[in-house]
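Below: one structure, written as structure tokens.
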Ligand code: ATP
């Protein structure tokens, strides 16, 4: 009885498979009963490994302080504290803590979102229960369940193998060894280490070849993977090329700030400024020049991108993908299921001379791995659409597939393998004899047939394929020994062709057009025949007409010395997974950002290598999903296009935020520097600078994260991969706004003093100048590369809310007495506000005029 005999569960590898099954109280062919499964679920719980994250949280929190800019801020805090300015030191400490909290919350939310999205991608497994084979969620497995694994599956629990067919498993997640391990079902000595237990398949590893039947011996935390996860807390960093670039930027900036601060300090002392004032100036400079809101804003923009993509059925598995997607220049997509609906219908059956139409249909039923189900209105089949179509064709012709399988029981099988492009089965016949059937790509089957008019068959295939049909060939052979050893000897008899129709997805047609308009090249890479591929390429608008489509086949690629010349083709047919990888390499070497789809186990290397590896959520294998950056829940090409569009939106919003935030920092730094150089009173002091930076970053800057995508986002060319984040135009804009800020702040400050105002009133005016210019510039940043009036912008309600809150806060810091005390401000008159509004208007006009001039000039030249 289960549980009384623990050896089956702890050391199943040193027992024969039959003993393990007996001790787990289960039969290999029928599996557990529904009641028994229920009992065991209650006893063992679900098959899930909870993510451990204790140490990870602390490390993530600590990482928020690990930033050179924060060090500079902390140093500034210590200096102010040393001079006894408690309020200012408190504000600086507050800013540092607030930053850490925002960063931490954002990062954990981004992680949770990614984890939740990962759960949306179905993890299913094939299980035998009550004698019926079906798919269940992997989490529903219990010890004793009998499961069936095929190439591409992720192993759902720890399993003892019962029978194997050339079964190889990639165990790199457990052992780090990337060469697949060949498995066998025999018995092993008790002291065999985990890596050598070849009669076991461990949870989390991936089947790279063949198939197997196995029994579950451990689930959830009881598995080897569970044991490892308990030891290692999840600490994968959430970093993107952009955040890495920003980290470098932060390091450089802090060096510059410290350098300028030292010079300022020396100049201040030379000018006879008291030491305490010189320190205040240095602190003001440091806190002013540091863009405190930047790291938090970047993670917020990316996280919002992830959510927007998920809404459009694209699950991003790594945060960098959001950003990279926007820069995609080439999409290499497969055909079946992505561009087409993967709803196959047999439209033509063409029997060979001498063979009957019926035999061709019978071969389609017997040499077939679809699961049959008898419903009220006859037989239906579940499984690969190519195979179910063959069953449906036979049923329509009056055949009974259930009866056929009973009369001709299967004795052996070589499952379909996309590299071989064929499948073979052997069967017992009612009169005690045996027969074998082959089905697969026409060339592959013809190569194994004797006495056939190959030219006539190929001509017929060309005719069917030109109509976009997928053509399969069938042959009969006499089995002698195992199928695998026999399949390559050419003694089969050709029995006919079946051609099936798979309609293009309607949305794919629009999406391909949208990609082409967006300057993105779409290439089709398929395992199907060149003519079928060509016809579908035309039907989906990937090429304008079949006449000018460049189609290259895998065989042609193999004959080339350099793949480089062929990489311009639109369609690649009968391509092997290795050739996919080579194509990615060639395209990348030409400077392209490549998105590549894949669904098979052999596609994993190409998916990893591509800038964006895309796997299918519904039709693909676990292996492909594990290697991909993005999973399409609906397998639809249109989803790729949608994700690229969102990616472009995210990139725009990042640029908007950075372009908007930098002038304030430069402006503040320059105001302080100029004041010290000219020996003037500081127009703004550190607490005020921190106030400006924090309130505007949160209430103004972050609204950019919600900026809708610009109308023409998919009609402009992709961003060249080498182009920097801040283009020359943007740098010029930033300089202009910085200059307006410095001049306006100084003028307003001195006007207030000369009009009889106090220093506090003058500083308040300068603060209001800064904030109002930022509000005006925010509008210009909505349309970075064109004038605001020429741009067709969507609505951003949050922008107005943000501006409203910011204005209320400015009124508060100007007129509320407590705020006056805290921030060294004082109530000002209406004329002071006029200064702020005028400065804002000037900034707006200057930037918009610059955009206009620049656009004029760039269109003239
Ligand atoms: P893609 O999805 O990459 O656009 P595909 O689905 O047509 O292409 P594969 O599934 O690799 O590519 O199939 C390649 C060829 O193998 C097909 O053109 C067909 O001739 C043959 N084939 C496909 N499915 C089966 C099957 N179940 N049994 C036998 N042969 C098959």
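Residue numbers (our numbering): 105 to 965. Ideal placement from N, C-alpha and C gives every residue a C-beta, glycine not left out.
Buried/exposed call for residue i, threshold 16 Cβ in 10 Å
i, result
"residue 535", "exposed"
"residue 739", "buried"
"residue 636", "buried"
"residue 182", "exposed"
"residue 642", "buried"
"residue 590", "buried"
"residue 139", "exposed"
"residue 340", "Because residue 340 sits at a pLDDT of 41, beneath the cut-off of 50, its placement in the model cannot be relied upon, and the following sentence gives the value as read from the coordinates. Exposed, because fewer than 16 other Cβ atoms sit within 10 Å of the Cβ of residue 340."
"residue 787", "buried"
Three-way DSSP call (helix, strand, coil) for residue i in this model
i, result
"residue 586", "coil"
"residue 120", "coil"
"residue 792", "helix"
"residue 672", "helix"
"residue 932", "coil"
"residue 468", "helix"
"residue 656", "strand"
"residue 716", "strand"
"residue 707", "helix"
"residue 696", "coil"
"residue 315", "strand"
"residue 421", "coil"
"residue 130", "coil"
"residue 645", "coil"
"residue 728", "helix"
"residue 341", "Its pLDDT being 41, under 50, residue 341 is placed unreliably by the model, and the measurement read from it follows with that caveat. Here residue 341 sits in coil by DSSP."
"residue 94", "Nothing about residue 94 can be read from this structure; the chain reaches only from 105 to 965."
"residue 158", "Note on residue 158: pLDDT 48, under 50, position unreliable in the model; no value is reported."
Limits of the beta strand (DSSP E) - the one that residue i falls within
i, result
"residue 238", "236-241"
"residue 459", "Element bounds for residue 459: n/a, residue is neither H nor E."
"residue 581", "574-581"
"residue 445", "Looking at the DSSP string, residue 445 is not in any beta strand (DSSP E), and its letter there is neither H nor E."
"residue 734", "734-736"
"residue 233", "228-233"
"residue 905", "Run containing residue 905: none in the beta strand (DSSP E); it sits in the alpha helix (DSSP H), 901-919."
"residue 624", "Where residue 624 is concerned, there is no enclosing beta strand (DSSP E), given that its DSSP letter is neither H nor E."
"residue 173", "Unbroken run through residue 173 is the alpha helix (DSSP H), 172-186; no beta strand (DSSP E)."
"residue 436", "434-437"
"residue 485", "482-486"
Endpoints, alpha helix (DSSP H) assigned at residue i
i, result
"residue 614", "610-621"
"residue 251", "Run containing residue 251: none in the alpha helix (DSSP H); it sits in the beta strand (DSSP E), 250-254."
"residue 684", "681-693"
"residue 385", "379-393"
"residue 258", "Note, residue 258: premise wrong, no alpha helix (DSSP H); not H, not E."
"residue 479", "Looking at the DSSP string, residue 479 is not in any alpha helix (DSSP H); the run it does join, the beta strand (DSSP E), is 475-479."
"residue 168", "Counting along the chain, residue 168 falls outside any alpha helix (DSSP H), and DSSP gives it neither H nor E."
"residue 72", "Nothing in the structure corresponds to residue 72, since the chain is present only between 105 and 965."
"residue 411", "398-415"
"residue 491", "489-500"
"residue 838", "832-858"
"residue 145", "138-148"
"residue 567", "558-569"
Integer Cβ distance of residue i from residue j, believed to fall under 8 Å
i, j, result
"residue 538", "residue 596", "That belief does not hold up - the Cβ atoms of residue 538 and residue 596 are roughly 14 Å apart, past 8 Å."
"residue 576", "residue 601", "7 Å"
"residue 726", "residue 235", "Contact flag wrong, Cβ pair sits at about 26 Å."
"residue 632", "residue 439", "6 Å"
"residue 227", "residue 734", "At roughly 17 Å, the Cβ-Cβ gap does not stay under 8 Å, so residue 227 and residue 734 are not in contact."
"residue 288", "residue 268", "6 Å"
Residues bridged to residue i (per DSSP)
i, result
"residue 548", "Beta-bridge pairing links residue 548 to no other residue."
"residue 516", "530"
"residue 762", "Bridge partners of residue 762: none, in fact."
"residue 598", "579"
"residue 263", "305 and 320"
"residue 541", "529 and 580"
"residue 958", "Beta-bridge pairing links residue 958 to no other residue."
"residue 677", "657"
Test: residue i CB closer than 8 Å to a CB of chain D
i, result
"residue 418", "In the structure shown, chain D cannot be found, because there is only a single protein chain."
heavy atom of ligand 2 below 7 Å from residue i C-beta
i, result
"residue 520", "Ligands displayed in this structure: ligand 1; ligand 2 is not among them."
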